[in-house]
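Worksheet: the structure to be examined is printed underneath.
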Amino acid sequence: MKDKYEVVVGLEVHAQLLTKSKAYSSDLNEYGAHPNTNVSVVSLGHPGTLPVMNKKTIEFAIKLGLACHSEISSHQYFARKNYFYPDLPKGYQITQDKTPICTGGFIEIKGENEGQKKIGITRIHMEEDAGKSIHDVDVYDTLIDLNRAGVPLLEIVSEPDIRTSQEAYQYLTEVRKLLRYLDICDGNMEEGSLRCDANISVRLIGETDFGTKVEVKNMNSIKNVQRAIEYEVTRQIEAIEKGEKIDQETRSFDALKGITISMRTKEAANDYRYFPEPDLPPLYISVDQINEVKKTMPALPKELFVKFKTDFGLSDYDAYNLTDNKSLALYFNEVTKNTTHYKVAANLMMGEVKSYLNELGVEIDLFPISPIVIAKLSNLIAEEKVSKTVANQRIFPELLSNPNEEPIDIALRLNLLVESDENNLKSYVVQVLNENKVEKERYQNGEKQLIGFFMGQLMKVSGGKADPKQANSILRELLESSK
Amino acid sequence: MYKNFAEVKNAITSGVSVLEIVHYYLQNIEKNKECNIFLEVFSDSILTQAKLVDQKIKNKQAGRLAGLVIAIKDNICYKDHRVSASSKILKNFCSLYTSTALQRLLDEDAIVIGRTNCDEFAMGSSNENSAYGHVKNPLNLNKVPGGSSGGSAAAVIANTCTVSLGSDTGGSVRQPASFTGTFGVKPTYGRVSRFGLIAYASSFDQIGVFANTLEDTALVTEIMSGKDSLDSTCSSKQVEKYSVFEKTEKKKIAVFKEVLHNEHLTEDVKNSFSSLLNNLKNEGHEINEISFPYLDVLVPTYYVLTTAEASSNLSRFDGVHYGYRSKDAVGVEETYKKSRSEGFGIEVKRRIMSGTFVLSHGFYDAYYTKAQQVRRIIKEKTKEIFSNNDFILSPTTPNSAFEINSVKDPIQMYLQDIFTVHANLSGNPAISLPLFKDKDGFPFGLQVVANNFFEKELFSFSNYLVKFRND
Numbered sequence: 002m003k004d005k006y007e008v009v010v011g012l013e014v015h016a017q018l019l020t021k022s023k024a025y026s027s028d029l030n031e032y033g034a035h036p037n038t039n040v041s042v043v044s045l046g047h048p049g050t051l052p053v054m055n056k057k058t059i060e061f062a063i064k065l066g067l068a069c070h071s072e073i074s075s076h077q078y079f080a081r082k083n084y085f086y087p088d089l090p091k092g093y094q095i096t097q098d099k100t101p102i103c104t105g106g107f108i109e110i111k112g113e114n115e116g117q118k119k120i121g122i123t124r125i126h127m128e129e130d131a132g133k134s135i136h137d138v139d140v141y142d143t144l145i146d147l148n149r150a151g152v153p154l155l156e157i158v159s160e161p162d163i164r165t166s167q168e169a170y171q172y173l174t175e176v177r178k179l180l181r182y183l184d185i186c187d188g189n190m191e192e193g194s195l196r197c198d199a200n201i202s203v204r205l206i207g208e209t210d211f212g213t214k215v216e217v218k219n220m221n222s223i224k225n226v227q228r229a230i231e232y233e234v235t236r237q238i239e240a241i242e243k244g245e246k247i248d249q250e251t252r253s254f255d256a257l258k259g260i261t262i263s264m265r266t267k268e269a270a271n272d273y274r275y276f277p278e279p280d281l282p283p284l285y286i287s288v289d290q291i292n293e294v295k296k297t298m299p300a301l302p303k304e305l306f307v308k309f310k311t312d313f314g315l316s317d318y319d320a321y322n323l324t325d326n327k328s329l330a331l332y333f334n335e336v337t338k339n340t341t342h343y344k345v346a347a348n349l350m351m352g353e354v355k356s357y358l359n360e361l362g363v364e365i366d367l368f369p370i371s372p373i374v375i376a377k378l379s380n381l382i383a384e385e386k387v388s389k390t391v392a393n394q395r396i397f398p399e400l401l402s403n404p405n406e407e408p409i410d411i412a413l414r415l416n417l418l419v420e421s422d423e424n425n426l427k428s429y430v431v432q433v434l435n436e437n438k439v440e441k442e443r444y445q446n447g448e449k450q451l452i453g454f455f456m457g458q459l460m461k462v463s464g465g466k467a468d469p470k471q472a473n474s475i476l477r478e479l480l481e482s483s484k
Numbered sequence: 003m004y005k006n007f008a009e010v011k012n013a014i015t016s017g018v019s020v021l022e023i024v025h026y027y028l029q030n031i032e033k034n035k036e037c038n039i040f041l042e043v044f045s046d047s048i049l050t051q052a053k054l055v056d057q058k059i060k061n062k063q064a065g066r067l068a069g070l071v072i073a074i075k076d077n078i079c080y081k082d083h084r085v086s087a088s089s090k091i092l093k094n095f096c097s098l099y100t101s102t103a104l105q106r107l108l109d110e111d112a113i114v115i116g117r118t119n120c121d122e123f124a125m126g127s128s129n130e131n132s133a134y135g136h137v138k139n140p141l142n143l144n145k146v147p148g149g150s151s152g153g154s155a156a157a158v159i160a161n162t163c164t165v166s167l168g169s170d171t172g173g174s175v176r177q178p179a180s181f182t183g184t185f186g187v188k189p190t191y192g193r194v195s196r197f198g199l200i201a202y203a204s205s206f207d208q209i210g211v212f213a214n215t216l217e218d219t220a221l222v223t224e225i226m227s228g229k230d231s232l233d234s235t236c237s238s239k240q241v242e243k244y245s246v247f248e249k250t251e252k253k254k255i256a257v258f259k260e261v262l263h264n265e266h267l268t269e270d271v272k273n274s275f276s277s278l279l280n281n282l283k284n285e286g287h288e289i290n291e292i293s294f295p296y297l298d299v300l301v302p303t304y305y306v307l308t309t310a311e312a313s314s315n316l317s318r319f320d321g322v323h324y325g326y327r328s329k330d331a332v333g334v335e336e337t338y339k340k341s342r343s344e345g346f347g348i349e350v351k352r353r354i355m356s357g358t359f360v361l362s363h364g365f366y367d368a369y370y371t372k373a374q375q376v377r378r379i380i381k382e383k384t385k386e387i388f389s390n391n392d393f394i395l396s397p398t399t400p401n402s403a404f405e406i407n408s409v410k411d412p413i414q415m416y417l418q419d420i421f422t423v424h425a426n427l428s429g430n431p432a433i434s435l436p437l438f439k440d441k442d443g444f445p446f447g448l449q450v451v452a453n454n455f456f457e458k459e460l461f462s463f464s465n466y467l468v469k470f471r472n473d
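Read top to bottom, the protein sequences are chains V and H.
To convert, take the position in the first sequence, counting from 1, and add 1; that gives the numbering used here.
To convert, take the position in the second sequence, counting from 1, and add 2; that gives the numbering used here.
Below, the structure is given as structure tokens:
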């Protein structure tokens, strides 16, 4: 039954910006401050106060617009969106209505099959956050914290190009990655610094008109956006199959029950009475200004992905994993400046380095070993001066406690360099064959797969140092010759 | 005595203390109690401030305005002092900060004697819309002082302060100046910071000055003006020395035919204005009678746009964070409805409703968008007039002060602003000069409008015009 239908989703994402001060006042913008401490008369909406535009917000909006291939509008004005709510002390929100700072553009996501898919961006505009209503602290009253009132936001509105809940998941992951790469939003959905509303509808496949859309709110993780879409799609299809009409309404996602609940219908919707904000002059953005911002643009995930793939010959999988996190990607980029053994270095990053970070739950900026040292270790492995096992199990842990020591010095100090002296290798082989007479006989009787066993033993007695290729040939030679 | 800053300064030079001058003004406040000019006299702080200024004078550290005693309209914020916009909804509200314009005066050692009554949220033309009772014109207690800054105008003519501050959104300084025979100026939009002025209509509001002399009007304007990092609509243009008047050359003066022949003009106003124009012609100035066919749409355009902005600006008074909250409201919805219904007066509610209507879905284009287009045309037309003329002259008001309770129809009341709203729609600086008297001896003003940011020329020409004062 579901196969008859196509899912149509558009997402509205609100990103809180990492500016030092608020959007229209010099009040501090910081998460987690004691309630109602970052509130001057402007944030409190006291009579006679006026907004003053924070230039950082504009710069951040231009950055995101450039990253999304949007057009940056040269002439724009701010608007007031009027509604009453206790955590909105002015009784209106300063936003952009008819003239968003960015229009058009797209964000690329991983498609269903290996390929990429472009999700269109309708607009990106600047606005301010409201305060926070806290319902669960006081038994009788709702408490209001206005620290968040006036915090700058970018609203990113996508085209209804998303066709599955998985694509929505991918899209949000990419949006968050971009925001983090640009260093303009920390992208924390649990803390609410990144929020998402989904416009969801379904239609019969082949139908060109859109179905009636339902807006779903209150999803505090990317996973929950996916769950909400899945629930909502099923609900809508079942309703249509039963012959019911879909109401245009706003619904809230209940993460515990995994369902959406009706909040308000379209008829009950506010008339926001948008009009140009008279307290802020119109905003002009020059080509020079855009070019200035362009100069400060960091490398974006897509660029690094392509670089890692084409310049370093890494697989899609490796390149994707290494660019997933900005600081990790930049770290790896540094590593590659001191080694050409990219695959070896990539393996080190995704193996030992990542598991160390995961274990401690920290970002790479707290990782003690410098990129140049990781590069040197990669070179030792690639040049077969130490074995991979020795590198991972002996040198890496040693580096963690002595990050300033050269890997080669550690190898020398601990006697970990690959053993390639033929006489020494021979004596290891002899020792192994003497200690494993039964297996030796079985091998000589035809169980050739036991070569692996002997190699394992050989590594054990050599402390992992034996040059595997050389040792292997000596081993075979002695096994054959002593028949 | 102490009718202007020059008299105050002379007195100080001859050894009178600021404290004594303040006591003199306090006595006059007492004498004029019946006029209901002051909502609050800052008796404690003014005496402390006066002593401080006396000390500074003694130490030769006093600022340019030492000795100047000002009264402020009740919509201008002054730290740790109450400000209510003459509304019940802000009764006992105390400001946490001082407005930029006032702060600049305080920095030059001006001191504030109290806050003056006005129309609620500056909405009115007669000062009959105050939640704290109407203001009587000190020249005749049966007449209105004009509005909305009626209290500030009355304060100056009753000699209860040296100068006063008002605000002008559609004529709220110039019209009461006309009715009280005082000087009243509205600077160019963006000349004086609006930070700390309780907003009525943000793209129209400007703080203005009342005084008994042009010198004081110009000096206070000069000191208040200029760039403010807290108001991004405030211009960064350099402030000239307004208080130094230049000699007037022959000027080109525009007069609108639609004003000269306006049906609302009283005989006295019409005659006085015509004879002034004759005098100016005789002195060699060029008088250009031009057609300004937008006169009739000025007031409707003004009301659509100002009520729209007001409906939004006044949303913050909702009983939640500060100000009046209805006692018996249950829940947030009822708190809004009851607090606002009980807290706002009838005229304010009328304008909030009108403004909400013109911004509503389905009516927006017919009213708000249209009015914005008209405003743009008026601005362009005005610019064009000033490309060929130095000033526009008109009577400030079509009549002199009217009797209290005599204008009951709000539309009739709105027509009081017919000559003044133009300068607010276009942003131009305008002043009302107390040149005229009607047959009963009541004053009315001449309005001079200048090009944007031509305050220097406006004051200099006004200084020339004062010689035509008919006392």
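Even glycine gets a Cβ: it sits at the ideal position worked out from N, Cα and C.
- For the pair I396/V and A383/V, the CB atoms are not nearer than the 8 Å cut-off.
- Around D162/V, the same chain offers I120 and G121 as residues with beta carbons nearer than 6 Å, after the five sequence neighbours per side are excluded.
- Buried is the label assigned to F185/H, since at least 16 other Cβ atoms lie within 10 Å of its Cβ.
- For F309/V, no beta strand (DSSP E) segment is defined, and its DSSP state is neither H nor E.
- About 14 Å separates the CB atoms of N119/H and F212/H; that is not less than 8 Å, and the two are not in contact.
- When DSSP assignments are scanned along the stretch 416 to 455 of chain H, the uninterrupted stretches of alpha helix (DSSP H) that are 4 or more residues long and fall wholly within it turn out to be 423 to 428.
- DSSP places H126/V within a strand segment (E or B) once states are collapsed to three.
- Taking the beta carbon of K23/V as reference, no residue of chain H falls within 8 Å; the closest one sits roughly 14 Å away.
- Under the DSSP assignment, S276/H falls in the alpha helix (DSSP H) whose first and last residues are E269 to N284.
- Looking only at E129/V, I108/V and K57/V, the smallest Cα-Cα distance to K91/V is reached by E129/V.
- Listed along chain H, the residues sitting closer than 7 Å to D272/V by beta-carbon distance are S362 and H363.
- Buried is the label assigned to D121/H, since at least 16 other Cβ atoms lie within 10 Å of its Cβ.
- A residue is called buried once 16 or more other Cβ atoms fall within 10 Å of its Cβ, and N390/H, having fewer, is exposed.
- DSSP, read as helix, strand or coil, puts D317/V in helix.
- By the rule that beta-carbons nearer than 8 Å mark a contact, G198/H touches chain V.
- With a cutoff of 8 Å on beta-carbon distance, T104/V and S75/V are scored as not near each other.
- Under the three-pair Cβ rule at 8 Å, the stretch 167 to 174 of chain H counts as touching the stretch 72 to 84 of chain H.
- With a cutoff of 8 Å on beta-carbon distance, I23/H and V10/H are scored as near each other.
- Note on the stretch 393 to 417 of chain V: whole alpha helix (DSSP H) runs with a minimum of 4 residues are 397 to 402 and 408 to 414, in chain order.
- Assigned with DSSP and collapsed to three states, T250/H falls in coil, not helix or strand.
- If you look at Q17/V, you'll find it in the beta strand (DSSP E) that goes Y6 to Q17.
- Annotation for H287/H: K252, K253 and I255 place their beta carbon closer than 6 Å to its own, counting only its chain and skipping 5 residues before and after.
- When only Cα atoms are considered, G429/H and E60/V end up about 31 Å apart.
- Put simply, the CB of C79/H is near chain V, with a gap under 8 Å to one of its CB atoms.
- G352/V and A320/V have their C-alpha atoms spaced approximately 14 Å apart.
- In the three-state scheme derived from DSSP, where H, G and I count as helix and E and B as strand, H342/V is classed as coil.
- Non-local C-beta neighbours of G66/V in its own chain, meaning closer than 8 Å and more than five positions away in sequence, comprise E72, I73, I102, C103, G106 and I125, ordered along the chain.
- Here the alpha carbon of S277/H sits roughly 49 Å from the alpha carbon of Q77/V.
- Per DSSP, the unbroken beta strand (DSSP E) holding Y93/V starts and ends at Y93 to T96.
- The alpha-carbon of T235/H is positioned some 28 Å away from that of H15/V.
- If the five residues before and after A330/V are omitted, its C-beta is found closer than 6 Å to the C-beta atoms of L305, L323 and T324, all from its own chain and listed in chain order.
- Residues of the stretch 40 to 61 of chain H that bring their beta carbon within less than 8 Å of a beta carbon in chain V are absent altogether.
- With a threshold of 16 other beta carbon atoms within 10 Å, T341/V falls short and is exposed.
- Close CB contacts of Y182/V within its chain, under the 8 Å cut and outside five residues either way in sequence, are with A68, P299, A300, L301, P302 and K327 (chain order).
- Chain-order list of chain V residues neighbouring A310/H: R274 and F276, by C-beta distance under 9 Å.
- At least one CB of chain H lies nearer than 8 Å to the CB of V42/V.
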